[in-house]
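**Q** One structure coming up, written as structure tokens, with questions to follow.
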Amino acid sequence: MKRYLAFVSCVLLALLSFVLALAWPLWWAVFVPMLGLSLLGLADMLQTPSTLRRNYPVLAHFRYGLESIGPEIRQYFIQSDKEEVPFSRLERTLVYQRAKNLNDVVPFGTQMNVYSTEYEWINHSLAAVHNPSHDFRVLVGGTRCTQKYSASVFNISAMSFGALSANAIRALNAGAKLGNFYHDTGEGSISSYHREGGGDLVLQIGSGYFGCRDAQGRFDEARFAHTAALEQVKMIEVKLSQGAKPGHGGMLPGSKVNAEIAATRGIPEGVDCISPPNHSAFSTPVGLLEFIDKLRTLSGGKPVGFKLAVGHPWEWFGIAKAMQETGLLPDFIVVDGAEGGTGAAPPEFSNSIGVPMNEALLLVHNTLVGLNLRDQVRIGAAGKITSAFGIARTIALGADWVNAGRGFMFSLGCIQALSCHTDKCPTGIATQDHSRWKHLDPTNKSHRVYSYHENTLKALRDLLGAAGLMDPSQLGPEHIIRRITPYEVRSFAALYPFLKPGDLVNGRHVRHILFRTFWDLARSDSFAPPPNVAELQNRKFLRTARFGHGESLYPAHH
Ligand SMILES: Cc1cc2nc3c(=O)[nH]c(=O)nc-3n(C[C@H](O)[C@H](O)[C@H](O)COP(=O)(O)O)c2cc1C
């Protein structure tokens, strides 16, 4: 009966206040809300879909109300500065301060627990140096490129117009122009908002071939050549997979495909917009490299690479073997970690599929080193990088540059409300609702994007200088130390196995288990699993088949 206490109280108060109001009109002020709550309770009891509302008439709404503001309450009142996920308040505050050009020094000493097993640091030098420039750059483009690109070591990761609002795209691109770094379009192609600021673009091509597809959704050479020829497009990136939802593809519901998005992507308005999980332009490792080579030619010699989240190791090895066999090289590879972000993804994809950035980056870097190809193929990496130390440790692990997605969203004012998938982003960044995004001032925010980049690179310059280094390219795995137990630490060089140049070409013994298990068996003409994996699958299949035929689940050994 206690469950109905709130409802019954409302009814009784309504009756009582009605009687009193007949004598003292002020009581109408009590009667009206009490009548409203009584009717709400009645509706709760009569409806059937919600058991909670039937069991707790009136009261259930308070729970829903509190639940809906739970993230804000936790964020503002409960969580500590280091606790919040995916990004802690400390991480976000650093971006906000750098974006707003505020003093970013911290008082009293570190808040990090330097004896926790996640703690990492860079060793300093007694011969510190000072580099007057913080504009660290990487030249991208192999021998087949006629329009090489000098990229910053810190850039805006792929996020489409569609996932982000028009004003967010405007601000990011104008910020990239101010700071001379690149803005990756994401798979949604180039909108008019990308063009206004004139910032360098990396044109991403996903499996939906948006902006360069025919009516059936297949890759269209002429349309691609037209877009890739834009002066603003500096490089082309084939998206194979994304860390937050590898192997998933995606779907923009027809209701969100407005005239503008339809025109940008080259798709019909109001119809569900599908990105298939696989590309239709190629189906083998060699096919991927031939496609990349074709894009390079069609673009007039611009650098072309691919972005991938590493999955089955033999598939990546297949691509690497295809490079070795054909001599067709991507100009760059962007490695995305499982910790990466997205506008919306199924939880299993977000939480439990794909290799995290450290291991993925190490695998890609080591393979290229082992093949003697590392000097010809540049590597970018992304995965929750927001600070100068994040950039340094990632470059030390094997990257040439890093990209940030959510870091740059914070610079636009994102408060991590975790509502990108609802179209109700409170800061007007991840929404297509005009009434929300019109309040994001693109001019003001472009300066924040610029300042975040600028101040982060100055911090990188100072951090490198303290370690006695003039340039990020001097960073190696021996520079970064990680605590692995409360009383033991290891450098990255000691912690991870690294291949030596040519190890995979000369058939030398390789310590890394993945190379020992899969390298020889991987195929350049197929992504199919190698025989040792297929054999294990078959064993399982045989067991299931036997069980299905009423025989034993396990083969008899006795
Ligand atoms: C809102 C949003 C949209 C994204 N859209 C794309 C996309 O279109 N293509 C893509 O390759 N990655 C996309 N990503 C992934 C990012 O480019 C990036 O790889 C990932 O978030 C890791 O970087 P971060 O941890 O710095 O955010 C998106 C991420 C976010 C947060």
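Residue numbers (this note's numbering): -11 to 546.
Every residue gets a Cβ at the ideal spot worked out from N, C-alpha and C, and that includes glycine.
Beta carbon of Gly342, beta carbon of Gly371: below 7 Å?
**A** Not closer than 7 Å, so no.
**Q** If distances are taken between C-alpha atoms only, which option among Arg449, Gly328, Glu278 comes closest to Leu316?
**A** The shortest C-alpha separation from Leu316 is found at Glu278.
**Q** Any idea if Val298 is buried or exposed, counting beta-carbon neighbours within 10 angstroms, 16 or more meaning buried?
**A** Answer is buried; the Cβ neighbour count reaches 16.
**Q** Taking 6 Å as the cut-off, does the CB of Met239 come closer than this to any heavy atom belonging to ligand 1?
**A** Result no, Cβ not under 6 Å from ligand 1.
**Q** If you reduce the DSSP assignment to three classes, tell me which class Gly538 lands in.
**A** Here Gly538 scores only 41 on pLDDT, less than 50, and its place in the model should not be relied on; the value that follows carries that caveat. Reduced to three states, the DSSP call for Gly538 is coil.
**Q** Going by alpha carbons, who is nearest to Gly331 out of Thr285, Phe305, Ile383, Gly231?
**A** The candidate whose alpha carbon is nearest that of Gly331 is Gly231.
**Q** Which residue comes first and which comes last in the beta strand (DSSP E) that contains Gly368?
**A** Per DSSP, Gly368 belongs to the beta strand (DSSP E) from 366 to 370.
**Q** Just to check, is the beta-carbon of Gln420 closer than 6 Å to a non-hydrogen atom of ligand 2?
**A** Ligand 2 is absent from the structure shown, which contains only ligand 1.
**Q** To the nearest angstrom, report how far apart Ser5 and Ala11 are at their CA atoms.
**A** About 10 Å.
**Q** May I have a chain-ordered list of the alpha helix (DSSP H) segments no shorter than 4 residues that lie completely inside the region 160 to 203?
**A** Within the region 160 to 203, the complete alpha helix (DSSP H) runs of at least 4 residues are 180 to 185.
**Q** How is the beta strand (DSSP E) around Gly293 delimited, first residue to last?
**A** Looking at the DSSP string, the run of the beta strand (DSSP E) that includes Gly293 is 292 to 296.
**Q** For Arg51 and Arg206, what's the separation of their Cα atoms in angstroms?
**A** So the two alpha carbons sit approximately 49 Å from each other.
**Q** Could you work out which residue in Gly289, Trp302, Lys446 is closest to Thr134 when comparing CA atoms only?
**A** Answer by Cα proximity: Gly289.
**Q** Helix, strand or coil for Thr473 per DSSP?
**A** Of the three classes helix, strand and coil, the one that applies to Thr473 here is strand, per DSSP.
**Q** Specify the secondary structure class of Met458 as computed by DSSP and reduced to three states.
**A** Coil.
**Q** Using CA atoms only, rank isn't needed, just tell me which of Leu218, Cys261, Ala217 is closest to Gly238.
**A** If we check each option's Cα against that of Gly238, Cys261 comes out closest.
**Q** Quick test of your reading: Leu463 and Ile383, contact by CB under 8 Å. State the CB separation rounded to the nearest angstrom.
**A** Yes, Leu463 and Ile383 are in contact; Cβ-Cβ is about 5 Å, under 8 Å.
**Q** Just to confirm, are His171 and Asn161 a CB contact at a threshold of 7 Å?
**A** In contact: His171 and Asn161 (Cβ atoms closer than 7 Å).
**Q** With a cut-off of 8 Å on the beta carbons, I'd call Lys244 and Ala510 a contact; round off their distance for me.
**A** Not really, about 40 Å apart at Cβ, beyond 8 Å.
**Q** With Asp281 as the anchor, note down where its alpha helix (DSSP H) starts and where it stops.
**A** Segment 273 to 286, the alpha helix (DSSP H) holding Asp281.
**Q** If contact is defined by three or more beta carbon pairs under 8 Å, each pair taking one atom from either stretch, is the region 242 to 256 in contact with the region 214 to 228?
**A** These segments do not touch.
**Q** Please state whether the Cβ-Cβ distance between Pro489 and Tyr103 is less than 7 Å.
**A** In this structure, Tyr103 does not lie closer than 7 Å to Pro489 by Cβ.
**Q** Beta carbon of Ala250: closer than 6 Å to some heavy atom of ligand 1?
**A** False, no ligand heavy atom lies under 6 Å from that Cβ.
**Q** Is the beta carbon of Ile417 less than 7 Å from the beta carbon of Leu406?
**A** No, the Cβ-Cβ distance between Ile417 and Leu406 is not below 7 Å.
**Q** Closer than 7 Å by C-beta to Gly453: which residues in its own chain qualify, once you throw out the five before and the five after it? Chain order, please.
**A** Ala116, Val117, His118, Asn119.
**Q** Do you know how far the Cα of Leu127 is from the Cα of Val93?
**A** Taking the straight line from one Cα to the other gives about 33 Å.
**Q** How about Gly153 and Trp507: are their beta carbons less than 7 Å apart?
**A** For the record, residue 153 in the displayed sequence is Ser; it is not Gly. Not in contact: Ser153 and Trp507 (Cβ atoms no closer than 7 Å).
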